[in-house]
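These notes concern the structure reproduced below.
2 protein chains.
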Amino acid sequence: MDLFTALADQTRRQILEMLAQNKELSASEIYAHFTISPQAISQHLKVLREVKLVYVERRAQLRIYRINTEAMIELESWFQKMRHYWIHRLDALDEVLAAEWKEIQKNKTSEDDVP
Amino acid sequence: MDLFTALADQTRRQILEMLAQNKELSASEIYAHFTISPQAISQHLKVLREVKLVYVERRAQLRIYRINTEAMIELESWFQKMRHYWIHRLDALDEVLAAEWKEIQKNKTSEDDVP
DNA sequence: GATTTAATTAAGTGGTTGCTTAATTAAAAA
DNA sequence: TTTTTAATTAAGCAACCACTTAATTAAATC
């Protein structure tokens with residue numbers, strides 16, 4: 001089970017999205033958002049723990065989960081590497097820059113408003 | 001089969017890496033780099049076609065493959081969205097920026113040498 | 001037309017996966 | 001101490017997945 005495989009499942013992606021938006025969540029808080037069984041969620045959380053996309057802290061009977069942002073950045077770095085590859089293909093420079101520019105503009109306007 | 005699921009397999013990631021570095025490759029050129037059977041590679045290429053991570057052109061008996069960079073950018077945008085989430089959590093701002101800064105510096109030094 | 005080349009599709013299979021229900025463990029509350 | 005709460009682990013299963021070999025399709029070459 002590697003990082004990319006862990007991301008293949010939509011439920012797990014949704015869990016990560018929740019954890020990206022919240023400092024920490026207990027297992028109960030996480031599975032309250034799903035219709036599938038708590039045991040199924042627990043299995044997904046186990047996968048995420050094993051690939052270190054999340055951390056868990058035992059707090060009495062609570063299991064508190066947090067996202068590992070460094071692992072997320074590591075995943076993202078693969079896409080940056082890929083972009084680097086095709087950007088540095090001289091044959092594709094013009095068309096690639098145009099497509100990227102369009103996408104970067106779309107994302108950049110919301111990312112620059114860091115307080 | 002969605003974009004993330006297509007990326008779960010290492011062989012498919014390797015195919016995409018090859019296509020990111022080359023304008024186009026025939027199926028034969030692709031599977032020449034692997035020890036698994038050509039039929040297995042063909043099945044992986046089919047997955048990549050179905051989720052539109054690659055394009056294929058019939059050129060006589062050749063099947064010429066190219067990467068769809070826009071789909072790659074779409075995938076990457078999910079990570080950008082996730083980063084946006086945790087950056088905008090006020091509780092995590094300090095520690096997150098530190099981890100990100102370290103990673104961005106690592107990637108930025110190689111990405112700025114666009115010719 | 002027969003043979004070769006390029007590639008895909010078909011069929012089969014052992015292992016994995018995402019779900020379920022059942023059972024267990026750990027801690028708090030009564 | 002018993003009951004409740006929180007969560008995980010165990011067991012089961014149908015569907016899926018990544019591989020294989022076999023067969024087929026399409027185009028070029030002889």
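Residue numbers (the UniProt record's numbering), protein chains in the order written: chain A, 1 to 115; chain B, 1 to 115. Cβ atoms here follow ideal geometry from the backbone N, Cα and C, with glycine treated the same way.
Residue i: CB within 7 Å of a non-hydrogen atom of the ligand NAD
| i | result |
| --- | --- |
| A40/B | Of the ligands one can find in the structure shown there are none, so the ligand NAD has no counterpart to examine. |
Simplified DSSP state of residue i, which is helix, strand or coil
| i | result |
| --- | --- |
| I73/B | helix |
| N22/B | coil |
| Q10/B | helix |
| V51/A | coil |
| D112/B | Per-residue confidence for D112/B stands at a pLDDT of 45, beneath the threshold of 50, marking its modelled position as unreliable; no derived number is given. |
| R83/B | helix |
| I36/B | coil |
Listed by chain order, chain B residues near residue i by CB distance under 7 Å
| i | result |
| --- | --- |
| A20/A | M82, Y85 and W86 |
Nearest-angstrom Cβ-Cβ length linking residue i and residue j, presumed shorter than 8 Å
| i | j | result |
| --- | --- | --- |
| T11/B | H33/B | Not really, about 10 Å apart at Cβ, beyond 8 Å. |
| I73/B | L16/B | I73/B to L16/B, Cβ: 13 Å. No contact. |
CB of residue i within 8 Å of CB of residue j, strictly
| i | j | result |
| --- | --- | --- |
| A48/A | F79/B | Looking at the sequence provided, one finds Leu at residue 48/A rather than Ala. No; because the gap between Cβ atoms is not below 8 Å, this pair is not in contact. |
| Y85/A | L25/A | no |
| K23/A | R89/B | yes |
| L53/B | L3/B | yes |
| A60/A | T5/B | no |
| S42/A | A20/A | no |
| V51/B | M18/B | no |
Proximal chain A residues relative to residue i, where beta-carbon distance stays under 9 Å
| i | result |
| --- | --- |
| R13/B | F4 and W78 |
| L16/B | M82 |
Within chain A, the residues that residue i reaches when beta carbons sit closer than 8 Å
| i | result |
| --- | --- |
| A8/B | F4, T5, L7 and A8 |
Chain B residues whose Cβ lies nearer than 8 Å to that of residue i
| i | result |
| --- | --- |
| I67/A | W86 |
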